[in-house]
Amino acid sequence: MTSLLEVKNIEVAYGKIVAVKDVSLTVNEGEIVTLIGSNGAGKSTTLRTISGLLKPKSGEITFKGDRIDGTPGHEIVGLGICHAPEGRRIFQRMSVRENLELGAFLRNDKAGVDSDMDRVLDLFPRLKERIEQRAGTMSGGEQQMLAVSRALMGSPKLLLLDEPSMGLAPVLVEMIFDTISKIRQQGTTILLIEQNAMAALEVADRAYVLESGKVKLSGKAADLRKNDEITKAYLGH
Amino acid sequence: MAKRPISNVTLSNRKWALGYTIAGALLFLIYQFLLPWNGLPDGIYRGVYQWMPPAAVNESLVYVIMALGLNIVVGYAGLLDLGYVAFWAIGGYCAGWFMSEFFYFLNIHFFGSVGLDRPGIHINFWMVLIIGGFVCALFGVLIGAPTLRLKSDYLALVTLGFGEIIPQVFFNGENFFGFNISNGTKGIVIVDPIPVGVKNLGPFDFGWKLLIFILLAAVMVFISLRLRRGRLGRAWLAIREDELAASMMGVPLMRTKLASYAVGAFAGGLGGVAFATHVNGVYAERFNFAISIFLLAMVVLGGMGNVWGVILGAFVLSWVNGTGLVAFGKTFNSQFGTNIDFASFTFLLFGLVLILMMLFRREGFLPESRLKLVLNEDELDTASEAKKAKK
Amino acid sequence: MTNVLEAKDVSVAFGGLLAVNSVDFNIPEQSVVSLIGPNGAGKTTFFNVLTGLYKPSAGSIQFNGRDITDLPPHKIASIGIARTFQNIRLFGLMTAQENLLVAMHSHLKSGITSTILRTPKQRREELAAEAKAQEILDFVGIGKWTHEFARNLSYGDQRRLEVARALALDPKILLLDEPTAGMNPQESQVFVDFVRRLVKERDLSVMLIEHDMKVVMSVSERITVLDQGEKIAEGSPEQIKNNPRVVEAYLGKAKS
Amino acid sequence: GGGSGALVIASDLPKQGGSADQSASTNNAIKLLLKQMNNMAGTYEIEFREYDNSTAAKGSWDDAQCAKNAQEHVAAKDEVAVMGTYNSGCAKIIVPILNQDPDGPMIMVSNANTNPGLTKAWEPGEPDKYYPTGARNYWRVVTTDDNQGSAAAQFAKSLGVKKVYVLNDRQTYGQGVAQAFTTAAKALGLTILSDGPAGEGWDDKAPNYEALFTKIAALKPDMVYVGGIFDLNGGQLVKDKVKYLGDNNKVKFMMPDGFTGYPDFLALPEAAGAYLSFTGLSIDQFPTGGAAEKFQADYLAEYGVAPTSSFSVYGAAAAQAILDAISRSDGTRKGVYEAMKTTVIPADKSVVGTELKFDANGDILSKDITILIVKDGKETFQDKITIK
Amino acid sequence: MAKVAELQKFKGTRGQIRRQRVERIGAIIISLVLALWMLVNIIEAPSQFAQVAILGLRNGLLYAFIALGYTLVYGIIELINFAHGDLFMLSAVFSSFFITVWFNQDASNPAGWLTFILCLFAVMVFGAVINVLIERLAYRRLRHAPRLAPLITAVGMSFLLNFIGLKWNGSTPRQWPTVIPNFDIYVAGVRINMVTIMLFLVGIPLLLGLNYIVTKTKNGKAMRATAQDRDAAALMGINVNKTIAFTFAIGGAMAGAAGLFYQQAVGTTNYNLGFQLGLIAFTSAVLGGIGNLWGAVVGAMLIGFIQGLNDGLPIAFGQQWSQSVVFTILIIILVFKPAGLLGKVTTEKV
Ligand SMILES: Nc1ncnc2c1ncn2[C@@H]1O[C@H](COP(=O)(O)OP(=O)(O)OP(=O)(O)O)[C@@H](O)[C@H]1O
Ligand SMILES: Nc1ncnc2c1ncn2[C@@H]1O[C@H](COP(=O)(O)OP(=O)(O)OP(=O)(O)O)[C@@H](O)[C@H]1O
Ligand SMILES: [Mg+2]
Ligand SMILES: [Mg+2]
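Structural data, given as structure tokens:
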């Protein structure tokens, strides 16, 4: 397996607050990799840095061998990295359909976009029902579905998901994780952040545990699931 | 984080009061006694008159009073007000009505500063201040009342509307449904002098006027600071931060917003009356949109929400506008022997001053401590800017 | 046990969509009740009705025997129904203490003049309010952050502060909308203990919307299930867990 | 005290915004005059100092600036007299302060204030309220609005006009003449179609006046009288008048000296046939061969352009009067004040070609109102009316 | 299901119904008063009414062009761009010089018409370039500053443009000839100037084109997305800087066109023209509903219309009160339609 994404020793700060101190991670082609860690550990910050919303103070990020740190966000999308951000960030005043179309903003293959649209609508029938509803008036969970679907519409090489199951009903949580596996089978690499660490470790191949802006542990997901320290700290057993 | 006091209540106001008093007393001494002193070297005398003439200080102080009022609406409660000049106008006309011979067919005196034989209404300056303040506060409520449901920008438009209507009423007021309420563009000229116990202040008593304006500004500072720390000030802040959450925490939006309008307008009234005595009259032409924006610029440039910043902003802008640009031109010409007509460049210079100050100090001169926190959030732009630097 | 709150036959419609459909709902004194249901079932909407943000299309709401259906939100808040938000909505640029003092707004009396003059009465009132704020902050466990700006607190502490702010209203009912979203299981567990303590020590009732079944099942005395705006089940955690309709509509294969 | 010993005369004009060009031209005229006099008035060396009573924020004259300038005039020990102001409102602020000057009173001579109240009983309390010490320290070289208005009304009647619609620019000057016209016209038995004591105000910020003239056209007036100044979008007003009421022969069109001396106005085809009233003489009516014609030529030679309007030349005339007073004085403010009371500039010396002689109020004596008609892009003499 | 029938009948929540009712009653009263006013005037002077209505709408269309640029920029970065009116003013001055001085046209003939068309392109480019420059130099750096900071920069920019206008145009208004057909036609006794017709002929396609760009094209979609959430837009692959620049370019081009139209229709330029018209444009934009293009047009036309009626009807307050009449009506409208004419009130979802 070749490494698709390589993050090396990045440090990221919000003004004076250093949120990520030293994080390195690798995502290989076709893998699902998950980041877990407690609140404020720097998971979301790492993802935002990868997708170009933030610029690392030091360290480097390479995607398919090219440096991408400091590249503006919109160009990174063009390279094939899509990000379903924390807090959903859907376009509130636009309809569900427009949101999905914007997910495919850079794509020019109309047929492909249409079939992807059908695919995500099948995945979340609720969105199909509400296709013309203003996104801002949807329920929390519905918005979450939309955020994930929108990222899928970009047909990315690498999909960054920030807590996709947040606010979803248990039935849907299961479904989300099934979907993640399914997407991977279709050839998309996934970097996933989850609070629901148990479920995440089940679908993931490998995992990194972040704490206070640093990688504390990493390894095969299956191994980590058995790790005592992990189960105590994050799985609530 | 900076150390903050344990309790808001026990926090002393004495420190600022002392500093303020010293600064005020110093200014007063300089202008009342040092400047008229015959022994003052000619160069210094001319320098002061060129760079900081007494009337400019007095005028700045009037702007300070008003900017502090606007700051309560814009800086504290976060409501954009584009028509603040309306309150200035109302305050001004209160002075015009109650301190002059405008109503020549009446003869009402109440501890006024002119002889009892003079026609018109002549009420004591200090009382008119209070009347002006309260009339404006009332208007603030009237203006606020229909607009409370509106979201920020729509609200701004309504304030703008009132800021156009009220001055226009005064502007055309010589024949307002048959009544003369303002003497139109001719203005109400010669308002009564300010009485200070033993004497009335004449045109050259600027030192004493200065003292009075400093006092009025101090009142506004005091009100601003006290309210800020109290129940109402917190509610304003909360509304500024998140209106919906505030209402869900039991803050009545209507009443709280109205209160900010009222207190802000009160300052407009004080300022209006003070200004009328400063120029000795009330002229409808002053009250236009540009002045509302000018006041807003003072608040933003100084540092919204921070009383000291707003004071500084008001001083700087009013100085640049009235004195700085002219003095700069004169000095430049005499230094370099040029004969440039700087007056024709004032738009350029004034515009540049505003743009550059904002570009290099976007949060204002003395930003509110709270706002400093938000200023570091340059997510997207830092990224793209950085890229350009790399190339 | 008497009910502090009784909602009768409440319906809410958005255009043609019936988001809440004839729901009856009671909150007994000193209890923890939960509202669950699939996404878009109408839970948050129901909350919004209780707090006065939306007005119901039909039905009425009684609080301590008083009809509050038509009261504006700030009145409802001040008489004792407090809430937190699905997405945190603190006053970020105010300190923890100030956040609480804002919530005490309706209980404080001082007006413009007394604040400007700082009358002895106003001073006493403010000091008392500050003391009470400190007590609440201590209670929720963030007593050391009294003078810290809300936005500087960590996510978990912000959630706590939201609860503290709601408590400052002196509520009889506390409505919590997905309070554990974004918490890991460990933290959720701590939260459960906290809710129990809350009910016991502060004489109030808690109504919870939550998707984390572990939390819901362990803390609730009664659970109500909404689906498509309709109440489809109500009962003890045990009853709900085994209700086939709930399992099908909501729990799935019920992994919890 | 002054260092160089020169006496200073100041000008106090709005140098920014809409009046900028006008004021620059006025200052230039005064500078030229001084240059021609070698900066001497009698035995005194004279310096010229320009004050600006406008601000950038307002873009026009600013009351606070007037108050400030007034105090600076008094404080500048070397200053003996002020030429200005352009706006009557500003004068009402400055005059009382100069009047109370402990070393004074200090004199002010205006080239453009036409509001009657500054010098004579007009509104309640006027003019005495501007002179707290009782000394009359203010003069002006132009006639007041009331004279022009009534002259215009007389002329209108002589044209056989019956129904008039009156407009004003809502400024002190414009309202003043419009009101004087309205009152006089009513007294002469003309019908005034507009409401209000000074007719209808026009908004200088409106893009055009087509709707306004549609309304006026419907009333079928014989004449439209415009009280105001050309700078306040007067060009547009003229164009729209002709567009909706027809040319100026059909429906007469008349305005005061706020419209005289503007090349832009005269160049408008729509201006043809319009009547102008003028207090004193128009530029091309200045007696030929005299000081007036020479000054015009000198100005053109010096600056390469003609004066923006006659107000600039009147600025120089005001300065002439001041300089004359200084030359006959002891060099103090009081002395200049006393001398100014007896100042007379004969017609052949005056840069405006008419005698500058003042009554006890400070108003200019020559109350000849010239009526001009715009013909071939020029102001042409039509009639002369003398006010009693 | 009994609910279905009920659902059909249901018109909104109780609060919504109440608000709707108040809105309706208020709207009816206002409409009645306005209608009565118009009716009295129509009976009094029918052709005069038609005449001033057309004139008012014509001015309204001029306002609309300025308002569009305003609302575009306003919609995307929530900046009240005070400099916009002044850009319009500069464009009007530019057009004057282009046609009358540089190309020396002063009459309506084929050469004049050609120059007009040339000028239309030139002035649109002029407006676009300047507006983009302004954004780049003055506003971009302040994008993350407190909301009112760029507003003050905009005021500064406005002074700067005013300065250029003052130097270029002079401090007094200048008159210019018109080169587009400028004769009157009479329809049922109502006189309509060709310039008015030309304005509608050129203006409406331009408006439609703009509407197409904003609603149908990719760029337009990017604009709307950027307006709502810049970071999220970037995550969609939208170049935020470019999109904002593009918006300024379009807004500038519209201001440019407006400048030319104004110059041709009215024929007077003044350095401080932009101030008042900018104010009206801002008012129209907000009145119509922020960021809503048609709203801006409707708002502008309405303002022009009311002004026209108030200026030109026999029974009205007259021009000196126009501003007050406009703003009074506007405030009343906003009280009943708090989100503008075409805006929708949205309760925030929590
Ligand atoms: N916009 C911001 N400004 C300042 N500090 C921030 C900002 N966003 C995050 N932080 C801080 O950076 C640190 C890391 O935050 P981050 O959002 O990356 O954590 P996380 O691991 O995603 O946590 P969570 O599980 O709560 O989402 C935290 O301490 C947080 O307070
Ligand atoms: N203002 C509105 N306009 C139109 N539809 C709305 C509005 N608010 C909510 N809805 C719809 O009403 C339904 C109920 O929404 P609500 O937010 O109450 O769901 P919820 O039960 O809280 O779901 P979740 O668990 O996902 O937060 C949803 O389908 C939503 O799309
Ligand atoms: Mg996160
Ligand atoms: Mg919800």
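Protein chains in written order, with this note's numbering: chain A, 3 to 239; chain B, 21 to 411; chain C, -4 to 251; chain D, 91 to 478; chain E, 249 to 598. By construction, the Cβ of each residue, glycine as well, lies at the ideal position given by its N, Cα and C atoms. Quantities reported herein were computed from a predicted structural model and do not represent experimental measurements.
- Taken through DSSP and simplified to helix, strand or coil, residue 330 of chain E comes out as coil.
- Counting the other CB atoms within 10 Å of its CB gives residue 365 of chain D a total of 16 or more, which places it among the buried residues.
- Among the residues facing chain E, residue 320 of chain B is included, as its CB has a counterpart in that chain under 7 Å away.
- Interface residue (Cβ-Cβ distance to chain A less than 7 Å): residue 159 of chain C is not classified as such.
- For residue 328 of chain B, the uninterrupted alpha helix (DSSP H) segment begins and ends at 327 to 339.
- Between the region 88 to 102 of chain B and the region 169 to 189 of chain D there are fewer than three C-beta pairs closer than 8 Å, too few to call the two in contact.
- Under the 7 Å criterion on CB atoms, residue 230 of chain C is classed as non-interfacial with respect to chain A.
- By the 16-neighbour rule on beta-carbons within 10 angstroms, residue 234 of chain D is buried.
- With a threshold of 7 Å between beta carbons, residue 38 of chain B makes no contact with chain C.
- Here the alpha carbon of residue 113 of chain D sits roughly 53 Å from the alpha carbon of residue 486 of chain E.
- Here residue 318 of chain E is actually not in contact with residue 513 of chain E; their C-beta atoms are around 19 Å apart, not less than 8 Å.
- Residue 23 of chain C: member of the beta strand (DSSP E) spanning 12 to 23, first to last residue.
- Taking the CA atoms as reference points, residue 160 of chain D sits about 14 Å from residue 199 of chain D.
- Residue 79 of chain C and residue 254 of chain B have their C-alpha atoms spaced approximately 19 Å apart.
- Here residue 284 of chain B is buried, its C-beta having at least 16 other C-beta atoms within 10 Å.
- Residues 257, 345 of the same chain have their beta carbon placed closer than 6 Å to that of residue 316 of chain D, with the five preceding and five following residues left out of the count.
- Shown here, residue 255 of chain D sits in a strand according to DSSP, grouped into three states.
- By the rule that beta-carbons nearer than 7 Å mark a contact, residue 169 of chain B touches chain E.
- In the DSSP assignment, residue 488 of chain E falls within the unbroken alpha helix (DSSP H) covering 488 to 514.
- If you look at residue 344 of chain D, you'll find it in the beta strand (DSSP E) that goes 342 to 345.
- Of the residues C:-2, C:32, C:8, the one whose Cα lies closest to the Cα of residue 235 of chain C is C:32.
- Each residue's CA atom was taken as its position, placing residue 389 of chain D and residue 381 of chain D some 12 Å apart.
- Neighbours of residue 418 of chain E in chain D, taken as residues whose beta carbon is under 7 Å from its own, are 111 in chain order.
- In the three-state scheme derived from DSSP, where H, G and I count as helix and E and B as strand, residue 61 of chain B is classed as coil.
- Beta-carbon to beta-carbon, residue 378 of chain B and residue 404 of chain E are separated by about 7 Å, close enough to satisfy the 8 Å threshold.
- With the rule of 3 Cβ pairs closer than 8 Å, the region 47 to 58 of chain C does not count as touching the region 226 to 241 of chain C.
- When the alpha-carbon of residue 205 of chain D is set against those of D:196, D:231, D:193, the nearest one is in D:231.
- Within 10 angstroms of the beta-carbon of residue -3 of chain C lie fewer than 16 other beta-carbons, which makes it exposed.
- With 16 or more other CB atoms across the displayed protein chains lying within 10 angstroms of its CB, residue 108 of chain B is buried.
- As a beta-bridge residue in DSSP terms, residue 119 of chain B pairs with B:142.
- Of the heavy atoms belonging to ligand 2, none sits nearer than 6 Å to the Cβ of residue 138 of chain A.
- Within the region 144 to 196 of chain A, the alpha helix (DSSP H) runs of at least 4 residues that lie entirely inside it are, in chain order, 172 to 187.
- Restricting attention to D:386, D:384, D:326, the CA atom closest to the CA of residue 359 of chain D is found in D:326.
- Listed by position along chain B, the residues whose Cβ is nearer than 7 Å to that of residue 527 of chain E are 309.
- Interface annotation, residue 100 of chain C: in contact with chain B, CB-CB separation under 7 Å.
- If you ignore the 5 residues before and after residue 24 of chain A, its C-beta comes within less than 6 Å of the C-beta of 11, 216, all in its own chain and listed in chain order.
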